[in-house]
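A quick write-up on the structure given underneath.
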Ligand SMILES: [Fe+2]
Ligand SMILES: [Fe+2]
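Shown next as structure tokens:
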């Protein structure tokens, strides 16, 4: 049985994953409006991945018989000062998500909840990839390369 504290952290994370999904949708729209369809496609896919992350947590909470709520998802605007600001924000969001999973893992270990600890491993590993991917995007944009030409070099995930 999962503790109330960990249950609340995981419910919050369902909200965070849906928030990420919506933020990436906004980012996809930002790029699509500039005709940067490759960048838009990347962020549409990223948005879907975030929704899958939320679903993974939903299924886990159902499997362990925990209560579920679905937190409100804040509005996201497809407005950024620049492509660099957009990808830097994406990297910062992913770093924040990584810290959340680390906090949950610490809590699970402290509670000797090895089941939840094990469940969290997938996300901790996934976050290494997420941060690396967003870090690459920052490098691409920072290089000053033409964003249309850079589409061929986008990470495929
Ligand atoms: Fe995620
Ligand atoms: Fe992510």
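Residue numbers (the UniProt record's numbering): 1 to 157. Even glycine gets a Cβ: it sits at the ideal position worked out from N, Cα and C. Being a predicted model, the structure only gives us computed values, none of them experimental.
Looking at the secondary structure, which residues open and close the alpha helix (DSSP H) in which residue 77 lies? That residue, residue 77, is in no alpha helix (DSSP H); it is neither H nor E in DSSP.
Nearest to residue 158 by CA position, among 21, 93, 116, is which residue? There is simply no residue 158 to check, as the chain begins at 1 and stops at 157 in what is shown.
Under the criterion of a Cβ to heavy atom distance below 6 angstroms, does residue 53 qualify as lining ligand 1? yes
Comparing alpha-carbon positions, which option in 134, 148, 136, 111 lies nearest residue 5? 111
Inside the UniProt domain "Ferritin-like diiron" (1-145) only - alpha helix (DSSP H) runs reaching at least 4 residues: 4-32, 37-63, 83-110, 114-142
I'd like to confirm something about residue 50: is its beta-carbon nearer than 6 angstroms to some heavy atom of ligand 1, or not? yes
Nearest to residue 163 by CA position, among 138, 143, 23, is which residue? Lying before the first or after the last residue shown, residue 163 is absent from the chain, which here runs from 1 to 157.
Thinking C-beta only, is residue 88 closer than 7 angstroms to residue 138? yes
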